[in-house]
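Here is the structure we will look at, set down as structure tokens.
There are 2 protein chains.
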Amino acid sequence: MTTSTGGRPRDAGRDVAILEATLDLLTEVGYDDLTTAEVARRAGAGKATIYRRWPSKAELVLAAVGRMGGDPPRLADLPDTGTLRGDLAALFRPQTPADDERSLGVMRGLTSLLSQSPELAEAASNAMVGPFVESQRLLMQRAVDRGEVPDGADVATVARVTPAMTAFRLAVERRPVDVDELMHLVDVVVLPALRVAPPG
Amino acid sequence: MTTSTGGRPRDAGRDVAILEATLDLLTEVGYDDLTTAEVARRAGAGKATIYRRWPSKAELVLAAVGRMGGDPPRLADLPDTGTLRGDLAALFRPQTPADDERSLGVMRGLTSLLSQSPELAEAASNAMVGPFVESQRLLMQRAVDRGEVPDGADVATVARVTPAMTAFRLAVERRPVDVDELMHLVDVVVLPALRVAPPG
DNA sequence: CAGTTCTGGTACTGACAAGTACCGGAACTG
DNA sequence: CAGTTCCGGTACTTGTCAGTACCAGAACTG
Chain A
47 MTTSTGGRPR
57 DAGRDVAILE
67 ATLDLLTEVG
77 YDDLTTAEVA
87 RRAGAGKATI
97 YRRWPSKAEL
107 VLAAVGRMGG
117 DPPRLADLPD
127 TGTLRGDLAA
137 LFRPQTPADD
147 ERSLGVMRGL
157 TSLLSQSPEL
167 AEAASNAMVG
177 PFVESQRLLM
187 QRAVDRGEVP
197 DGADVATVAR
207 VTPAMTAFRL
217 AVERRPVDVD
227 ELMHLVDVVV
237 LPALRVAPPG
Chain B
47 MTTSTGGRPR
57 DAGRDVAILE
67 ATLDLLTEVG
77 YDDLTTAEVA
87 RRAGAGKATI
97 YRRWPSKAEL
107 VLAAVGRMGG
117 DPPRLADLPD
127 TGTLRGDLAA
137 LFRPQTPADD
147 ERSLGVMRGL
157 TSLLSQSPEL
167 AEAASNAMVG
177 PFVESQRLLM
187 QRAVDRGEVP
197 DGADVATVAR
207 VTPAMTAFRL
217 AVERRPVDVD
227 ELMHLVDVVV
237 LPALRVAPPG
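Quick mapping for you: the protein sequence lines, in order, are chains A and B.
The first sequence maps to residues 47 to 246 in the working numbering.
The second sequence maps to residues 47 to 246 in the working numbering.
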């Protein structure tokens with residue numbers, strides 16, 4: 047329990063560089079082909095520096111993925127266009143192309159990670175899909191509160207539809223998903239399920 | 047082009063034994079941890095016998111998975127209860143527990159296969175998810191034809207919802223899916239999307 | 001019979017990568 | 001100063017496993 051006192055202090059900045067390099071590499075080659083040697087090279091670090099912080103490759107990737115999720119979404123930060131359809135359209139529009147590219151690549155890379163253990167799969171799923179579901183849940187609940195969506199709608203279930211189908215597309219079929227397809231899904235499945243009149 | 051004539055003929059029965067063993071092992075340990083040595087041991091075969099038929103582990107697993115799909119579903123073979131909801135309920139009820147266990151296990155095992163190449167991913171997806179989607183599409187189209195579902199419904203899109211969410215649950219979240227949950231999804235999402243009045 | 005290709009089984013090669021062990025040097029404590 | 005723990009970098013150990021090479025025997029052709 048005695049935190050050793052002497053010696054050179056650990057540079058927290060190296061953690062960031064290593065995790066960033068891990069995430070980049072994960073998007074490019076996937077978990078299986080990610081090597082700690084390459085992570086070290088890109089981070090400008092030694093392998094010892096990595097293994098001093100994380101006991102295994104799995105823990106390293108887990109930490110890197112965990113960083114992605116960030117804070118849970120808050121309603122105040124979400125789009126507010128006046129209609130649920132508009133809110134969802136705004137939600138699907140990627141903030142920056144880089145963000146979009148990264149989450150797509152990470153999802154692809156995670157496919158191989160999923161096979162390692164349920165524990166890793168859960169963490170990955172939570173980090174990637176969880177915030178997306180929660181954002182939709184908040185938007186839908188607000189639509190219920192303002193009367194756009196009839197009360198009693200099963201928001202929790204419907205909020206899972208597009209994230210699940212997106213994850214399926216990326217992880218299983220391995221095809222990209224574009225915003226038009228997502229909006230088609232919203233018009234054909236999500237809004238009818240919530241008993242919202244279709245547009246046009 | 048000259049098919050050599052002499053020599054001991056190849057025993058087609060070994061193909062079956064090897065592919066069965068491959069499928070079994072795939073459900074148990076997944077693609078990454080599947081070794082050709084263990085496949086050979088379970089099939090009571092030599093590794094040479096495997097590699098004489100399939101040039102690589104990937105091709106072997108691909109052949110094993112391809113066997114699963116079988117013939118495309120035909121409307122005459124699908125349940126016909128009089129209502130779309132009843133048909134879907136009958137579709138979800140597994141024919142035999144063994145079938146159910148196997149497809150669940152294979153989906154789990156395939157998670158790691160998906161990361162290998164888009165080609166393998168596509169084959170796996172087609173074999174596993176394709177028939178499920180097609181069955182639902184046929185049932186929904188029949189419901190349209192008999193007037194239970196309004197014309198103009200986007201059957202092709204809605205038919206993908208539960209297969210995608212099932213695959214997502216199995217492959218990404220790695221949790222089992224039970225029939226009650228699927229029927230809840232039918233009542234809350236699928237039927238409303240098709241403009242069918244909810245039961246009760 | 002001889003010649004060929006199959007069979008299960010074992011042993012081997014070759015490549016790859018996780019994790020460990022050091023190195024010389026840097027940054028801290030006391 | 002001495003002592004400790006960090007740093008990047010390199011070399012090494014260790015284990016795994018796909019794929020190959022053989023073997024001795026079996027099943028065929030002619």
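Cβ atoms here follow ideal geometry from the backbone N, Cα and C, with glycine treated the same way.
Judged by DSSP in its simplified three-state form, E194/B adopts coil rather than helix or strand.
In the DSSP assignment, V75/B falls within the alpha helix (DSSP H) that extends over 58 to 75. Of the other Cβ atoms in all chains shown, fewer than 16 fall within 10 Å of the Cβ of E165/A; this residue is therefore exposed.
T95/A places its beta carbon less than 7 Å from that of R60/A. At a cut-off of 7 Å, the C-beta of T73/A has no neighbouring C-beta in chain B. Between L130/B and E194/B, the C-beta spacing is below 7 Å. For P55/B, no alpha helix (DSSP H) encloses it, and the DSSP letter there is neither H nor E.
Under the three-state reduction of DSSP, G92/B is assigned to coil, being neither helix nor strand. The alpha-carbon of I64/B is positioned some 5 Å away from that of A89/B.
Against chain A, the CB of S102/B has no partner CB under 7 Å away; the residue lies outside that interface. Identification of chain B residues near D200/A by a Cβ-Cβ cut-off of 7 Å yields V234, ordered along the chain. Residue range 130 to 138 is occupied by the alpha helix (DSSP H) that includes D133/A. One Cα belongs to D79/B, the other to T68/B, and the distance between them is close to 12 Å.
Rounded to whole angstroms, the Cβ separation of R221/A and R215/A is 6 Å, and the two are in contact under 8 Å. For V207/A, the secondary structure class from DSSP, reduced to helix, strand or coil, is helix. The C-alpha of K103/B is placed about 43 Å away from the C-alpha of T127/B.
The DSSP-derived three-state label of R113/B is helix. At least one CB atom of chain A sits nearer than 7 Å to the CB of V218/B. L121/A and A202/A have their C-alpha atoms some 16 Å from each other. Short of 6 Å from the beta carbon of T212/B, and not among the five residues preceding or following it, lie these beta carbons of its own chain, in chain order: V223. Going by DSSP, L228/A is part of the alpha helix (DSSP H) stretching over 225 to 231. Legend: CB atoms of the region 172 to 198 of chain B lying less than 8 Å from CB atoms of chain A belong to residues V175. If the five residues before and after V85/A are omitted, its C-beta is found closer than 7 Å to the C-beta atoms of I64, A67, T68, L71, I96, all from its own chain and listed in chain order.
Distance from the Cα of P209/A is smallest, within the candidate group V235/A, W100/A, R192/A, for V235/A. Taking CB atoms only, F138/B has no neighbour in chain A less than 7 Å away. Taking the C-beta atoms as reference points, V225/A is found nearer than 7 Å to F138/A.
Using a CB distance cut-off of 7 Å, M229/B does not count as an interface residue toward chain A. For A110/B and R192/B, the gap between their C-alpha atoms comes out near 39 Å. The CB of A239/A comes closer than 7 Å to the CB of V234, V235, P238, A239 in chain B, given here in chain order. Each of L134/B, R113/B, K93/B was checked against the Cα of P125/B, and the nearest Cα belongs to L134/B. In this structure, DSSP gives A243/A a state outside helix and strand, which the three-state scheme calls coil.
Annotated three-state conformation of T81/B is coil, per DSSP.
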